[in-house]
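**Student:**
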Amino acid sequence: MSVVNSKDKAKLISEPNQLLSDYHARIALYEMPDSVLSFYEENESRINGKVVFIRNKVDEANAAHHRNTCDKVFFIFSDKFHATSYFTGVSHKVNLPKALIKRVNNNKDW
43 MSVVNSKDKA
53 KLISEPNQLL
63 SDYHARIALY
73 EMPDSVLSFY
83 EENESRINGK
93 VVFIRNKVDE
103 ANAAHHRNTC
113 DKVFFIFSDK
123 FHATSYFTGV
133 SHKVNLPKAL
143 IKRVNNNKDW
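Rendered as structure tokens:
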């Protein structure tokens with residue numbers, strides 16, 4: 043089993059921060075497992091923008107509010123909730139390596 047190391051954690055933080063600093067006002071991760079959402083919940087303060095987690099319709103309403111009111115927003119969509127074009131059409135997709143997502147998903151201890 044692969045373990046998430048400090049380099050992986052740094053990548054998970056630096057990738058969205060780099061996009062947010064490069065003129066992208068809205069960025070998003072789509073179809074993420076709960077483990078990725080948990081990582082970002084625990085490290086939310088390290089992201090240079092508002093982090094919004096979308097797991098259901100209630101969260102989507104909150105995300106829509108932040109989409110329209112915040113300068114820098116990082117949307118993270120659960121793999122249990124489909125992102126609509128309301129978000130996909132205006133958000134730059136964060137591309138994380140599939141192997142990294144798999145390691146995070148296999149990690150049980152932060």
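Numbering (the working numbering), first residue to last: 43 to 152. Even for Gly, the Cβ is constructed at its ideal location relative to N, Cα and C.
1) Just to confirm the assignment: which complete alpha helix (DSSP H) runs, minimum length 4, are found wholly within the region 65-131?
2) Give me the DSSP bridge partner(s) of K49.
3) I need the straight-line Cα distance from K122 to M74, nearest angstrom please.
4) In the DSSP assignment, the alpha helix (DSSP H) including L142 goes from what residue to what residue?
5) Does the count of Cβ pairs from the region 76-85 and the region 105-125 closer than 8 Å reach three?
6) Using C-beta distances below 7 Å, list every residue in its chain close to G91, excluding the 5 sequence neighbours before and after it, in chain order.
7) If you count every other CB in all the chains shown that lies within 10 Å of the CB of V146, and 16 or more means buried, which is it?
8) Taking 8 Å as the cut-off, decide whether the C-beta atoms of V136 and L71 are in contact.
**Tutor:** Result, derived from the coordinates:
1) With a minimum length of 4 residues, the continuous alpha helix (DSSP H) runs that stay inside the region 65-131 are 76-84, 99-111, 127-130.
2) DSSP, once it has assigned bridges, lists no residue as partnering K49.
3) Cα-Cα distance, rounded: 8 Å.
4) Its alpha helix (DSSP H) spans residues 140-148.
5) Contact holds: three or more Cβ-Cβ distances are below 8 Å.
6) Once the five neighbours on either side are set aside, the close Cβ partners of G91 are L62, K114, V115, F116.
7) With 16 or more Cβ atoms within 10 Å of its Cβ, V146 is classed as buried.
8) It is a contact, given that the beta carbons lie within the stated cut-off.
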